[in-house]
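Taking it in order: structure first as structure tokens, then the write-up.
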Amino acid sequence: MTQGISRRNFLSGAALAAGAAAVAGLSGCSPKTMAETGPDAAATAGGTDSGMAVVGNTPAWLGTAPEIAEADIVETRSTKLLIVGAGNAGLAAAVTAQELGVDFLIAEKAGAVATARGWYGAVNIPECAEAGKSVDIIKLNNVLRQAFWGKNDMRVTKTWLNESAEMHAWVKGIMDQYGFAVSFDADQGEGRGGVGVDMYVPPIQVSYTAREDCPEEHAEMSRNQIFEDLLNKQGNEVLFGFDLVKLVTDESGAVSGAIFDAKDGYVQINAEDVLLATGGYAANPDMIEGINPILPRCLTASNWEPGNTGMGIKAGLWAGAMKDPGAAAFVFDRGAVPPGTKAGWTEESVATGEPMLPASGQFNPGSQPFLKMNLHGERFTNESGNYDWLPYAAASQPGGVYLEVWDANFADDVARFHSLGCASLTNLIVNVMGAGTEGFLQEQIDQGVVVKADTLEELADKLLLEGEHKQNFLASIERYNELYDKQVDEDFGKEPYTLSAIRQAPFYGVTLGGTLLDTSDGLRINADGQVLKTDGEVLEGLWAAGNCAGSLFADGYYNLTHGMACGRLLTFARHEVQHIAGKKA
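Under mature numbering (1 follows the signal peptide of the UniProt record, and there is no 0), read the sequence shown as residues -35 to -1, 1 to 550, first letter to last.
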């Protein structure tokens, strides 16, 4: 989602339909060339024990760096700082460089800046104190260590914990100039996040809404578009259509620039420092299959930037960088598809050589803890959990998908569930903004994604369940109603307030899988954002921010740190440029 729901839109009845659609589709980078891939490539690129195809010791998705003849380079430029990628991290880095007087160029493969993330997480900011809240930094760092099985670098996490408040003050000042007011979400729910066990929910989520006095030309701008506008006003423009081919290294092995495939041919940009902000590899099926093979078994929808093909990660590895040893991804339980759809790449797209998932976007009610069953009509897990828990659990279920059902009390149920973070948007649109159940769901019903029925038998038929599977479906609902009446989930231990009855017509159902936003296992960095070599030493001249940078996440995303992913990339973008400019030790 590129921006928050503005106060203007909030006060407008016309916002209801637009808001519902937004929630349903929410979201929600000459000198000697680099060394060729060495014998340690497989280990540093993710290992050979993950089932990935390899050629020699090199993963098939990685390959080797292309050879570009000097005669094929049509233009050479030079700068102090080269920023690769004009997304959330890259643009923040560019604006910071502009403010600090650092000579820079910013290159982007697409024809426009990337989509801005509407929320970011910042720790112990003034708005948090004003709400009477605080974040226990030591506790949160250790909670994240536990969530990521110790695979993260706690020093990298500390950079975000300690410096995100400064980042927030900076962003807030810019957004204020453009007519936007800050909105801080202090809601910690039950203190457990509705995930069945005690889990820390820090109050950190920040977003922005247009003020009444916001100029019309600014009101619909995203944060990334505002950053681009700031650059343009100072005569700095994004170099669009610059597709990264490889990095350049000098005789010492330090990164000294990059080569791009541009409109008129190859362009080499020499730089003292290169900051990669190219995003993850969500749009690269080969990397997905090779590094994180569970994803095609449970994904049904895409919500990634098309340019996130992992090129920055590959270029870094070719230059001698180390990658996170395991996989990590931002998977949301919101991949709604028509009945009968299975998870994974569609047969048609595979046949064309361009694998794609069946759908795109996010169906926000997928994150609500309604009853969920597999295609055999069996309840198979506790529905109250982190966004990626249901899709991952479904990866070993028939078809890799699952069914979610609810009844006419949808609005009352979601109000009681009190979901946090972006999952709260369902309640916001349905109850706070007054769209109601039908107003919220009608578009998906018309599209045949959500099915509606007067009886549970009819609902089962519309979900394409037959025979024993249909009988299981009806029995699972009967059992679930019993658990609701008891207010005790004897089967999987879900919290009583997240149980709901399924008795009052009309009844609704939807087939769900995971929606992939992006991946987050990237190049290993230190606490300053410098990329590390395979021996753990700094790869001089190379920095990484955003989802091409690693060291922070592992396996999944602790989504109870609402906005952390975007908050950390904005924080590191600023930190790295400040370090390059000599403003940090």
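Glycine included, every Cβ here is placed at the ideal spot set by N, Cα and C.
First through last residue of the beta strand (DSSP E) which encompasses residue i
i	result
residue 170	170 to 175
residue 231	230 to 241
residue 207	No beta strand (DSSP E) contains residue 207, which DSSP labels as neither H nor E.
residue 221	220 to 227
residue 335	It is not in any beta strand (DSSP E) - residue 335 carries neither H nor E in the DSSP assignment.
residue 149	145 to 150
residue 457	No beta strand (DSSP E) holds residue 457; DSSP gives it neither H nor E.
residue 537	Segment 529 to 545 is the alpha helix (DSSP H) holding residue 537; no beta strand (DSSP E) there.
residue 301	294 to 302
Nearest residue (CA-CA) to residue i, options the options
i	options	result
residue 234	73, 495 and 483	73
residue 48	244, 36 and 182	244
residue 530	290, 350, 83 and 32	83
residue 207	550, 277, 126 and 288	277
residue 536	167, 61 and 290	61
residue 326	402, 269, 374 and 332	269
residue 357	273, 71, 98 and 259	259
residue 464	481, 380 and 402	380
residue 436	139, 252, 351 and 344	344
residue 368	129, 56, 497 and 442	442
residue 305	248, 364 and 51	364
residue 40	182, 502 and 230	230
residue 271	319, 284, 263 and 107	319
residue 66	46, 80 and 404	46
residue 172	147, 186, 151 and 116	147
residue 175	188, 163, 165 and 164	188
residue 466	459, 446 and 547	446
residue 387	510, 190, 22 and 170	170
residue 282	508, 121 and 429	508
residue 100	512, 309, 167 and 334	167
Unbroken alpha helix (DSSP H) run spanning residue i, endpoints
i	result
residue 252	250 to 256
residue 129	119 to 142
residue 314	312 to 316
residue 194	188 to 198
residue 115	No alpha helix (DSSP H) holds residue 115; DSSP gives it neither H nor E.
residue 358	354 to 359
residue 184	181 to 184
For residue j and residue i, believed in contact at Cβ under 8 Å, the rounded distance
i	j	result
residue 544	residue 483	Between residue 483 and residue 544 the Cβ distance is about 25 Å, and since that is not below 8 Å, they are no contact.
residue 56	residue 78	6 Å
residue 520	residue 114	7 Å
residue 194	residue 479	That pair is no contact at about 35 Å.
residue 106	residue 119	6 Å
residue 255	residue 24	5 Å
Beta-ladder partner(s) of residue i, from DSSP
i	result
residue 100	Residue 100 pairs with nothing; no bridge assigned.
residue 324	266
residue 508	240 and 495
residue 514	488
residue 344	338
residue 215	DSSP, once it has assigned bridges, lists no residue as partnering residue 215.
residue 521	519
residue 286	498
residue 503	497
Within-8 Å CB hit, residue i to chain C
i	result
residue 537	No chain C is present in this structure, which holds just one protein chain.
### Task
With a floor of 3 residues, list each beta strand (DSSP E) that falls wholly inside the stretch 366 to 448, ordered by position along the chain.
367 to 371 and 415 to 418
### Query
Mind pulling the beta strand (DSSP E) runs of 3 or more residues that sit fully within the stretch 462 to 497?
472 to 484 and 495 to 497
### Query
Can you give, in chain order, each stretch of the beta strand (DSSP E) that sits fully within the stretch 27 to 97 and has at least 3 residues?
The qualifying runs are 38 to 49 and 69 to 73.
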